[in-house]
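Everything on this sheet refers to the single structure shown next.
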Amino acid sequence: MDNLIEVKNVTYEYTDEETVHTAVKNLSLNIKKGSFTVILGHNGSGKSTLAKMLNGLNKPTLGDILVDGINTKDEANELEVRRKVGMVFQNPDNQLVASIVEEDVAFGPENLGLEPSVIRQRVDEALKAVDMYEFRKSTPHRLSGGQKQRIAIAGIIAMQPLCLVLDEPTAMLDPKGRAEIVSTLIKLNHEKGITVILITHYMEEAEKADRVVVMNDGEIISDGAPSEIFKNVEQLKAVGLDVPQTTELLYNLQKNGFSVSTNVISIKEAACEIASALHSEEK
Ligand code: ADP
Ligand code: MG
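In terms of our numbering, the sequence shown opens at residue 4 and continues consecutively.
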């Protein structure tokens, strides 16, 4: 079995007094070990509700979620599920607890009751993995948003999870900070084999993922490789998502009669696509 997470016909309902709100509707999704998945969707589509179910913070109202074969409903395995699936949230300031970077990263492993020498080793390794080792003696509040978020990620990976679920970790960052986070996640995925599930509403962050899952109104409306997903510009726009600028440009050229394909995302590929369309027009 190479699925790390199996979401099986899961429904999640929020109940306030008399009203019941169904935030996730009979959703099924398998996440392969070692994969990098981006979950896209506009506000209110159920992304955070799903994310919190992946490490057992929320329990499905209906259906089951298996993490590395363990059902998240099983109270006895709650800690194990949390340890296997680490969560990173939007606001790094809410996730940093200590006044020195390395103490912050050590917090999780300390709570696991590990030997001091093991903690030291894990903290150093985690800080190097997010390229923040040189800041180990710094004060987190002096750092940029992107750097703080990388410290928060280090704190989670120091607990050696199998999977990282990040719920809009770049929403409060500037473009530079966003790029730092995405490249850090790609590195963790490639070099450490950590399974990554990145929730975002910035489509350009999906470019390097293995797979993109688009949610709308509690359901998955498309699921595939990034280039396949972005081909469908009309559908993405219909659910309130902005397509990457390159896709938008190609889409507009296509609408205006140029024979370009919209299923490329990087600037280089887009430039090649346009060049070859112009070249064939000249013939
Ligand atoms: P997203 O993360 O995609 O923005 P959420 O999972 O936060 O979506 O929300 C999905 C739906 O559930 C929304 O309609 C939202 O209003 C509703 N919802 C979220 N949290 C609660 C809550 N604690 N109580 C009631 N409804 C909620
Ligand atoms: Mg959310």
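By construction, the Cβ of each residue, glycine as well, lies at the ideal position given by its N, Cα and C atoms.
Since the model is a prediction, treat every value here as computed from it, not as a measurement.
For residue j and residue i, the rounded distance between their alpha carbons
i, j, result
"residue 127", "residue 29", "42 Å"
"residue 180", "residue 152", "9 Å"
"residue 202", "residue 285", "43 Å"
"residue 101", "residue 158", "11 Å"
"residue 186", "residue 89", "18 Å"
"residue 235", "residue 243", "13 Å"
"residue 138", "residue 55", "30 Å"
"residue 2", "residue 237", "For residue 2 there is no data in the structure shown, the boundaries of the chain being 4 and 286."
"residue 249", "residue 240", "15 Å"
"residue 214", "residue 206", "12 Å"
"residue 92", "residue 174", "10 Å"
"residue 262", "residue 283", "9 Å"
"residue 219", "residue 13", "15 Å"
"residue 19", "residue 52", "15 Å"
"residue 154", "residue 141", "11 Å"
"residue 281", "residue 34", "41 Å"
"residue 105", "residue 85", "22 Å"
"residue 143", "residue 99", "8 Å"
"residue 276", "residue 264", "7 Å"
"residue 116", "residue 122", "9 Å"
"residue 81", "residue 36", "20 Å"
For residue i, three-class secondary structure by DSSP
i, result
"residue 2", "With the chain covering 4 to 286 only, the question about residue 2 has no answer from this structure."
"residue 99", "coil"
"residue 198", "strand"
"residue 40", "strand"
"residue 18", "strand"
"residue 181", "helix"
"residue 222", "strand"
"residue 156", "helix"
"residue 149", "helix"
Cβ-heavy atom distance, residue i to the ligand MG, below 7 Å
i, result
"residue 220", "no"
"residue 50", "yes"
"residue 208", "no"
"residue 171", "yes"
Nearest neighbour of residue i, chosen from the options [CA to CA]
i, options, result
"residue 77", "58, 95, 94", "58"
"residue 224", "247, 42, 268", "42"
"residue 232", "222, 219, 209, 220", "209"
"residue 266", "230, 238, 175", "230"
"residue 50", "32, 79, 66, 108", "32"
"residue 26", "34, 61, 36", "61"
"residue 188", "125, 16, 84, 212", "212"
"residue 111", "131, 156, 72", "156"
"residue 147", "96, 106, 66", "96"
"residue 134", "144, 204, 85, 149", "149"
"residue 74", "48, 11, 17, 136", "11"
"residue 46", "15, 160, 171", "171"
Cutoff 8 Å: residue i Cβ touching any chain C Cβ
i, result
"residue 157", "Given the protein chain composition of this structure (a single chain), no chain C is represented."
Any non-hydrogen atom of the ligand ADP closer than 7 Å to residue i Cβ
i, result
"residue 266", "no"
"residue 245", "no"
"residue 5", "no"
"residue 61", "no"
"residue 17", "yes"
"residue 80", "no"
"residue 273", "no"
"residue 44", "yes"
"residue 26", "yes"
Between the region 184–196 and the region 163–173, can you find at least three pairs of beta-carbon atoms closer than 8 Å? Verdict: yes, contact present.
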